[in-house]
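Encoded as structure tokens, the structure appears first; notes follow it.
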Amino acid sequence: MIGGSNAQEQLAELGPWSDPAPAITALERETRVELARRLTRSAGAQALLVVAGPSLNYFLGISWKLTERLVALIITQSDRPILIAPQFEEGSLAAMTALDVETLFWEEDESPYDLVASVLSRVGASAIALDPAMPFKMVDQLALAAPSVAHIEGSDIVDGCRMNKSTAELALMRQAKQMTLEVQRRVARILRPGISSSEVIAFIDAGHRALGAAGSTFCSVQFGRASAFPHGLPGPTHLNEGDIVLIDTGCAIQGYNSDITRTYVFGTPNQQQRDLWMVEAEAQQAAFDVVQPGVLCQEVDAAARRVLERAGLGPNYRLPGLPHRTGHGIGLAVHEAPYLVKGDRTPLMPGMCFSNEPTIIVPDKFGIRLEDHFFVTDSGAEWFTERSTSIDCPF
């Protein structure tokens, strides 16, 4: 249903999620550390340094933003992982840490990089692999503190750990995506002529909170012409009869993300909107259908583009057509490796999770994006949530 209700009624019907997924266990986190050790050895390093952000959450369960103060985990080849952190954050970090670690604290007038250097000296490390999210300034400070230790770019290690999701991770992601899809259903019901995009964004945040998330992790609401820009236009817009409605939003459960887009029309769709909506759905299905273990990521993108090109769109990134990649990996980050795009030759493996969103843009008129997520199985792929059924009945 599109329209016919209001925010108060819809929020009143939402409550805490009835079947929450269990947390990641300490045993699973220990397994992650062992995998990181193996990958670090294969890369020719004796230690891995992970900074605050999704990868720190992956290993320790600590949700901590990257700032100028170093909060980092060092995984060596033996003993407990070592957490480097500001002394005044001891209590907060202890309350979040989900794995047994050794913690080394630094005061505000001390260098945390000297602590890292002392650990590397203690374990006799000649090379350390670095989190790809580590800022250059931090890398530079570490080089000054430990000049004899070589640096290795750690993407293969970090991505190698995080790309293939476990059963527990898939359950958390499924919950987050189901919650966002429920909010998408509800928001369609509150639409009315003149409603502002900012009011819709506020409702979506409240809906996520009502279901038990900490609000929306992001939200883009685009009406009419604004939908012709993949990430919208600045400032609020107001809904008119006949407008395309494109809503892209997500939440996180224990750090694991959702990211679902729905596109439909407020009112009666015209023929061009109907036709391109169907092409979009066909392209999304074509991308899904080629997924098998061993297939290269770029082949999924190519499958979607073949559908679009048969419909006279594109080719490649030309408009009208698909101006960006077909999809991205997702997990503890909304966008993470690997990517469904030409040039990404990563073979698909069971447990990999992706968005599937081959957007169609008609310049200065409208855009259509259906975004759902799937994970790779032993024999193909499985959707996390149900897809949109039609432009007239999107839920």
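Residue numbers (my numbering): 67 to 461. Idealized CB from N, CA, C, for every residue including glycine.
Residues of its chain near residue i, where Cβ-Cβ distance is below 7 Å and the 5 sequence neighbours each way are ignored
i: Ala476; result: Residue 476 lies beyond the stretch modelled for the chain, which goes from 67 to 461, so this question has no answer here.
i: Gly378; result: none
i: Ser421; result: Asp325, Gly393, His394, Ile396, Glu437 and His439
i: Arg146; result: Asp166, Val167 and Glu168
i: Cys419; result: Lys231, Met239, Gly395, Ile396, Gly397, His439 and Phe441
i: Gly220; result: Leu114, Ala195, Leu196, Asp197 and Pro198
i: Glu365; result: Val356
i: Gln244; result: Thr451
Pair within 8 Å by beta-carbon distance, residue i and residue j
i: Ser293; j: Phe450; result: no
i: Ala276; j: Leu80; result: yes
i: Pro296; j: Ile457; result: no
i: Ile140; j: Ala113; result: yes
i: Ser121; j: Val185; result: no
i: Gln153; j: Tyr179; result: no
i: Ile434; j: Glu346; result: yes
i: Leu414; j: Gln358; result: yes
i: Arg291; j: Gly273; result: no
i: Leu105; j: Asp222; result: yes
i: Pro404; j: Gln350; result: no
i: Tyr322; j: Ala199; result: no
i: Ala211; j: Val182; result: yes
i: Arg95; j: Ala164; result: yes
i: Pro429; j: Leu388; result: no
i: Glu348; j: Val373; result: yes
i: Val215; j: Ala237; result: no
i: Lys408; j: Asp444; result: no
Residue from the options whose Cα sits closest to the Cα of residue i
i: Cys363; options: His390, Asp410, Ala403 and Phe332; result: Asp410
i: His390; options: Pro381, Val345 and Tyr330; result: Pro381
i: Arg228; options: Ala399, Ala111 and Asn306; result: Ala399
i: Phe332; options: Cys419, Asp355, Met344 and Leu257; result: Leu257
i: Ala87; options: Thr283, Ser177 and Glu235; result: Glu235
i: Glu134; options: Ile128, Arg107, Gly321 and Met204; result: Met204
i: Leu299; options: Gly278, Ser282 and Ser264; result: Ser264
i: Arg255; options: Thr455, Ser177, Gln76 and Asp444; result: Gln76
i: Gln143; options: Glu176, Leu238, Arg188 and Gly127; result: Arg188
i: Pro213; options: Ala193, Met245, Thr246 and Pro429; result: Ala193
i: Phe226; options: Arg98, Met344, Ala191 and Trp343; result: The identity of residue 226 in the sequence shown is Gly, whereas the question assumes Phe. It is Arg98.
i: Gly69; options: Gly110, Pro259 and Met344; result: Pro259
i: Arg453; options: Asp444, Glu176 and Leu247; result: Leu247
i: Met344; options: Gly127, Ile426 and Ser282; result: Ile426
i: Ile128; options: Thr283, Ser282, Ile313 and Gly157; result: Gly157
i: Gln250; options: Thr443, Ser108, Met67 and Ser445; result: Met67
DSSP-derived helix/strand/coil call for residue i
i: Pro61; result: Only positions 67 to 461 of the chain appear in the structure, and residue 61 is not among them; the question remains open.
i: Val345; result: helix
i: Phe379; result: Reading off the sequence, residue 379 comes out as Leu, not Phe. Of the three classes helix, strand and coil, the one that applies to Leu379 here is coil, per DSSP.
i: Ala113; result: strand
i: Thr97; result: helix
i: Val182; result: helix
i: Arg240; result: helix
i: Gly360; result: coil
i: Ile396; result: coil
i: Ala280; result: coil
i: Phe432; result: strand
i: Ala195; result: strand
i: Val407; result: coil
i: Ile270; result: helix
i: Ala89; result: coil
i: Leu149; result: strand
Euclidean distance between Cα positions of residue i and residue j
i: Ser84; j: Gln74; result: 21 Å
i: Phe354; j: Ala447; result: 7 Å
i: Ala195; j: Phe125; result: 15 Å
i: Arg328; j: Gly417; result: 25 Å
i: Trp130; j: Arg340; result: 44 Å
i: Cys459; j: Ile270; result: 20 Å
i: Ala89; j: Thr233; result: 11 Å
i: Gln288; j: His217; result: 44 Å
i: Gln320; j: Val356; result: 31 Å
i: Glu173; j: Thr455; result: 57 Å
i: Glu100; j: Ser71; result: 52 Å
i: Thr283; j: Ala102; result: 28 Å
Close Cβ partners of residue i (< 6 Å) along its chain, the five nearest in sequence each way excluded
i: Ser262; result: Pro302 and His304
i: Gly308; result: Gly333
i: Ala280; result: none
i: Cys285; result: Ile267, Ile270 and Thr315
i: Gly278; result: Pro82 and Trp83
i: Val361; result: Leu414
i: Thr412; result: Cys363 and Pro404
i: Ala111; result: Ala193, Ile194, Ala195 and Ile218
i: Ile313; result: Val287 and Arg328
Close beta carbons around residue i, own chain, < 8 Å, minus the five adjacent residues each side
i: Glu401; result: In the sequence as displayed, the identity of residue 401 is His instead of Glu. Correct list, in chain order: His394 and Gly395.
i: Leu490; result: Nothing can be reported for residue 490, as the shown portion of the chain is limited to 67 through 461.
i: Ala352; result: Ala369, Ala370, Arg372 and Val373
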